[in-house]
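Sequence order for the protein chains is A and B. Under this note's numbering, the first sequence has 216 at position 210, and the numbering climbs by one with no breaks. Under this note's numbering, the second sequence has 508 at position 368, and the numbering climbs by one with no breaks.
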Amino acid sequence: MLSVKNIHANIDGREILKGINLDIKPGEVHAIMGPNGSGKSTLASVLAGREEYEVTEGAVSFLGKDLLELSTEDRAREGLFLAFQYPVEIPGVSTTNFIKAAVNEKRKYLGQEPLDAVAFLKMMKEKMALVEIDQRLLSRSINEGFSGGEKKRNEVFQMAMLEPKLAIMDETDSGLDIDALRIVANGINKLRSPDRAILLITHYQRLLDYIQPDYVHVLYNGRIVKSGTKELALELEEKGYDFITDEVDLAANQ
Amino acid sequence: MKEKPDTLEQAVLTEYKYGFVTDIDTDVIAKGLSENTIRLISNKKNEPEWMLDWRLKAYNHWLKLEEPKWSNVKYPIINYQDIIYYAAPKPKKQLNSLDEADPELLATFEKLGISLNEQKRLTGVAVDVVMDSVSIATSFKEQLSEIGVIFCSISEAIQLHPELVKKYLGSVVPMTDNYFAALNSAVFTDGSFCYIPKGVRCPMELSTYFRINTENAGQFERTLIVAEDESYVSYLEGCTAPMRDENQLHAAVVELVAHAKAEIKYSTVQNWYPGDKNGLGGIYNFVTKRGMCKGDHSKISWTQVETGSAITWKYPSVILKGDHSIGEFYSVAFTNNHQQADTGTKMIHLGKNTRSRIVSKGISAGHSQNSYRGLVRASKQATNARNYSQCDSLLLGDKCGAHTFPYIEVKNKTAIVEHEATTSKIGEDQLFYCKQRGIDAETAVALIVNGFAKEVMNQLPMEFAVEAQKLLAISMEGSVG
Numbered sequence: 007m008l009s010v011k012n013i014h015a016n017i018d019g020r021e022i023l024k025g026i027n028l029d030i031k032p033g034e035v036h037a038i039m040g041p042n043g044s045g046k047s048t049l050a051s052v053l054a055g056r057e058e059y060e061v062t063e064g065a066v067s068f069l070g071k072d073l074l075e076l077s078t079e080d081r082a083r084e085g086l087f088l089a090f091q092y093p094v095e096i097p098g099v100s101t102t103n104f105i106k107a108a109v110n111e112k113r114k115y116l117g118q119e120p121l122d123a124v125a126f127l128k129m130m131k132e133k134m135a136l137v138e139i140d141q142r143l144l145s146r147s148i149n150e151g152f153s154g155g156e157k158k159r160n161e162v163f164q165m166a167m168l169e170p171k172l173a174i175m176d177e178t179d180s181g182l183d184i185d186a187l188r189i190v191a192n193g194i195n196k197l198r199s200p201d202r203a204i205l206l207i208t209h210y211q212r213l214l215d216y217i218q219p220d221y222v223h224v225l226y227n228g229r230i231v232k233s234g235t236k237e238l239a240l241e242l243e244e245k246g247y248d249f250i251t252d253e254v255d256l257a258a259n260q
Numbered sequence: 141m142k143e144k145p146d147t148l149e150q151a152v153l154t155e156y157k158y159g160f161v162t163d164i165d166t167d168v169i170a171k172g173l174s175e176n177t178i179r180l181i182s183n184k185k186n187e188p189e190w191m192l193d194w195r196l197k198a199y200n201h202w203l204k205l206e207e208p209k210w211s212n213v214k215y216p217i218i219n220y221q222d223i224i225y226y227a228a229p230k231p232k233k234q235l236n237s238l239d240e241a242d243p244e245l246l247a248t249f250e251k252l253g254i255s256l257n258e259q260k261r262l263t264g265v266a267v268d269v270v271m272d273s274v275s276i277a278t279s280f281k282e283q284l285s286e287i288g289v290i291f292c293s294i295s296e297a298i299q300l301h302p303e304l305v306k307k308y309l310g311s312v313v314p315m316t317d318n319y320f321a322a323l324n325s326a327v328f329t330d331g332s333f334c335y336i337p338k339g340v341r342c343p344m345e346l347s348t349y350f351r352i353n354t355e356n357a358g359q360f361e362r363t364l365i366v367a368e369d370e371s372y373v374s375y376l377e378g379c380t381a382p383m384r385d386e387n388q389l390h391a392a393v394v395e396l397v398a399h400a401k402a403e404i405k406y407s408t409v410q411n412w413y414p415g416d417k418n419g420l421g422g423i424y425n426f427v428t429k430r431g432m433c434k435g436d437h438s439k440i441s442w443t444q445v446e447t448g449s450a451i452t453w454k455y456p457s458v459i460l461k462g463d464h465s466i467g468e469f470y471s472v473a474f475t476n477n478h479q480q481a482d483t484g485t486k487m488i489h490l491g492k493n494t495r496s497r498i499v500s501k502g503i504s505a506g507h508s509q510n511s512y513r514g515l516v517r518a519s520k521q522a523t524n525a526r527n528y529s530q531c532d533s534l535l536l537g538d539k540c541g542a543h544t545f546p547y548i549e550v551k552n553k554t555a556i557v558e559h560e561a562t563t564s565k566i567g568e569d570q571l572f573y574c575k576q577r578g579i580d581a582e583t584a585v586a587l588i589v590n591g592f593a594k595e596v597m598n599q600l601p602m603e604f605a606v607e608a609q610k611l612l613a614i615s616m617e618g619s620v621g
């Protein structure tokens, strides 16, 4: 579904990603872990199409299409979803209206009729239950005055509504207390399906207690330096990132 | 792939749709302003002596005034001798019906989306059309006169209803009021006149469409609306102008008089040519609009959607003289590129139990500057005066400015005045968020701006709300950055 080949990316002339390779198949859950500044969020931004990042080398194919040739909005409409680490506030636009616009833009792209109010509300009700989000929250301006937990839950709710093929969760666990983390993780688990892949980006192993990944990759200094199964995450938890990064740095210096 | 960086900027950039010029034979007088110019205008309009005297008095007063400098706008010195004060499409013969109007003119207004053909028009909207210095046509005049409503050009009113004009002209905005009002009083050439008799609820929207066509011509229109006891009228004005590199001056005066239990709802959709993206050209829109709630329980409501003009400088105000009278001001002012707007209102509470409400939404994009300036005054006699003001600013990008200048003067202890203000900003982060959800930049900005301006747009008469919303969307195209 997603095939990333030797991606290099810059921001302001500084190289952040230095040759990333990654293959994700439908139904799989991959976790990307790594110390701060390793390039995790950059990878998410590059895949989603954030314009400040310049891809200097490499290729990405998504569902058979050249992802890098698609605009940000078309990537989204093709089924790529990014749950933001810091969801932004948009004054004056209710979450409901926002999601309605998003759902219908996607439908338009796919050549489908827009959802009418009744069908849309029905869909909202179903998905709200999934992520335990309060309806009152949805009539407020998007993310405005939301708590950290509410913002993240809102991201998962949007993911549920947009039914992506690939969901990239950028540090969705950051800033959450244990209860909020459990609710958010439950929501994501319910959205796992055989035709949907999930890419979890996280600093900590604790999210993986709730969401079991099929594969774990360690990103360090712009490269994936180690890949493994969920046991790798446990090992990281135990030994810290140093046990891998020291090894990499040593190799680099030799 | 790296796209062009400023998507916000692109999303609000757009071509001005109404920038064409009509090639029509026009009667133009020489540039410049003097007593002779005024005599010439008055003569061309075949005005009675009293009107000429009034104009000359205003002109002599204007000569003593200095152009005000207190607003938050910057523009080069205006050379008043370099303006044409009268330009009229020829031939100016009295039209009995719109079908007799010059086809070129009709085509112009068709192109602007204003059909003058009564059969084709929306029922429920009567329109007076003013091109440069003269009113070209007024529709539904006869139907309206059957119920006693007078709706005609001000020039015609001076001829046919001199007693009403004499009584009310300058009664709300005296010729000595300010620099531009004095100038307008001296040289005004046309505008609309509405008179709603006692107890009549005007069955259709009345509207005036102002169009500037001639190069170097200034437009000085005068509108006067009088609503007798227990009457109601909803009035709308719209305006456009060709694209030119030179600035053109538009200095209008609008006066509203509401007698006891009367209600006047005045809506403006202002779309004068705003200048190009580098700030070249555009209309200077320096306007004095004021309403007088003269009788008890009267109500005046101003709604404005301001998207055009290089500079907008206007404060539609209400003098709440009658007890229990109500004044309202709803405004959306959108500025883009190098536009400047200094707009707001004045609510002058004189009567007891008077109420006013101000809702101002300023949207700035590009390099524009957008200021709200408002005065709420409760005089000594204004027992239990109440005001609620809400001023919200939305910044699109980081090169524009929003400013709020609220003035509050309360001389009565029982008065309650509330003021709320917010400022929010839309930048690349918000846009990226929207785009990641599949909403492109233009749709995103439209969604945000419409959400922001909704409260004001809801005040517009239904026939125009859709148009205004479209206009706002068009003006914003490319403002994302």
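Each residue gets a CB set at the ideal place from its N, CA and C atoms; glycine is no exception.
Proximity of chain A to B:Phe-592 at the Cβ level (cut-off 8 Å) is accounted for by Pro-97, Gly-98, in chain order. Between A:Ile-38 and A:Leu-205 the beta-carbon gap is near 7 Å, inside 8 Å, which marks them as a contact. The beta carbon of A:Lys-133 lies closer than 7 Å to those of Phe-163, Ala-166, Met-167 in the same chain, with the five residues before and after it left out. For B:Cys-433, the beta-bridge partners assigned by DSSP are B:Ala-398, B:Leu-460. Taking 7 Å as the Cβ-Cβ cut-off, the region 562-579 of chain B approaches chain A at Ser-564, Asp-569, Gln-570, Phe-572, Tyr-573, Lys-575, Gln-576, Arg-577, Gly-578, Ile-579, given in chain order. Within chain B, the residues Gly-578 have their CB atoms less than 7 Å from the CB of A:Lys-112, given in chain order.
Around the beta carbon of B:Val-312, a 10 Å sphere encloses 16 or more other beta carbons of the protein chains shown; the residue is thus reported as buried.
By alpha-carbon distance to A:Phe-87, the top candidate from A:Val-99, A:Arg-56, A:Leu-28, A:Gln-218 is A:Arg-56. Taking 3 residues as the minimum length, the beta strand (DSSP E) runs contained wholly in the region 183-226 of chain A are 203-208, 221-226, in order along the chain.
The Cβ neighbour count for A:Gln-141, taken over all protein chains shown within 10 Å, is under 16; the residue is labelled exposed. Under the Cβ distance rule, B:Ile-503 does not count among the residues neighbouring chain A, no pair being separated by less than 7 Å. Residues of chain B with a Cβ closer than 7 Å to the Cβ of A:Val-94 are, in chain order, Asp-569, Gln-570, Tyr-573. In this structure, the beta-carbon distance from A:Asn-12 to A:Gly-64 falls below 7 Å.
Nearest to A:Arg-83 by C-alpha distance, out of A:Pro-97, A:Ala-89, A:Val-109, is A:Val-109. In terms of CA proximity to A:Ile-184, A:Arg-212 leads the group A:Asn-259, A:Arg-212, A:Lys-31.
Bounds of any alpha helix (DSSP H) do not take in A:Gly-64; it lies within the beta strand (DSSP E) bounded by 59-68.
Residue state for B:Lys-439 is assigned as strand, using DSSP reduced to three classes. Proximity to B:Ala-402 across B:Gln-299, B:Met-432, B:Gly-415, B:Tyr-413 peaks at B:Met-432, based on C-alpha coordinates.
Between the region 186-198 of chain B and the region 332-346 of chain B there are fewer than three C-beta pairs closer than 8 Å, too few to call the two in contact.
Scanning the region 152-213 of chain B for uninterrupted alpha helix (DSSP H) segments of 4 residues or longer gives 175-184, 189-204, listed from N- to C-terminal end. The beta carbon of A:Ile-217 is closer than 7 Å to those of Val-35, Ala-191, Ile-194, Asn-195, Leu-206 in its chain, skipping five residues each way along the sequence. Counting only the Cα atoms, B:Ala-505 lies some 15 Å from B:Ala-593. Taking CB atoms only, B:Ile-588 has a neighbour in chain A less than 7 Å away. Under DSSP, the beta-bridge partners assigned to B:Val-267 are B:Ser-347. Take B:Ile-556, set aside five residues on each side of it, and the residues of its chain with a beta-carbon closer than 7 Å to its own are Arg-526, in chain order. Under the 10 Å beta carbon count, B:Tyr-547 is surrounded by fewer than 16 other beta carbons and is classified as exposed. For B:Glu-582, the three-state secondary structure derived from DSSP is helix.
Listed by position along chain B, the residues whose Cβ is nearer than 9 Å to that of A:Arg-83 are Gly-578.
In this chain, the alpha helix (DSSP H) harbouring B:Gln-570 covers 568-576. B:Ser-407 is not a Cβ neighbour of B:Thr-452, given a cutoff of 7 Å. Chain order gives the chain B residues near A:Leu-168 as Arg-577, Gly-578, where near means a beta carbon separation below 9 Å. Per DSSP, the unbroken beta strand (DSSP E) holding B:Pro-546 starts and ends at 541-550. With a cut-off of 8 Å on Cβ pairs, the region 498-518 of chain B is in contact with the region 532-541 of chain B, counting three or more such pairs. Nearest in C-alpha terms to B:Ile-579, of all of A:Asn-27, A:Lys-114, A:Asp-72, is A:Lys-114. The region 346-366 of chain B and the region 391-399 of chain B touch, with no fewer than 3 CB-CB distances between them shorter than 8 Å.
Note on geometry: alpha-carbon atoms of B:Phe-545 and B:Arg-517 lie some 14 Å from one another.
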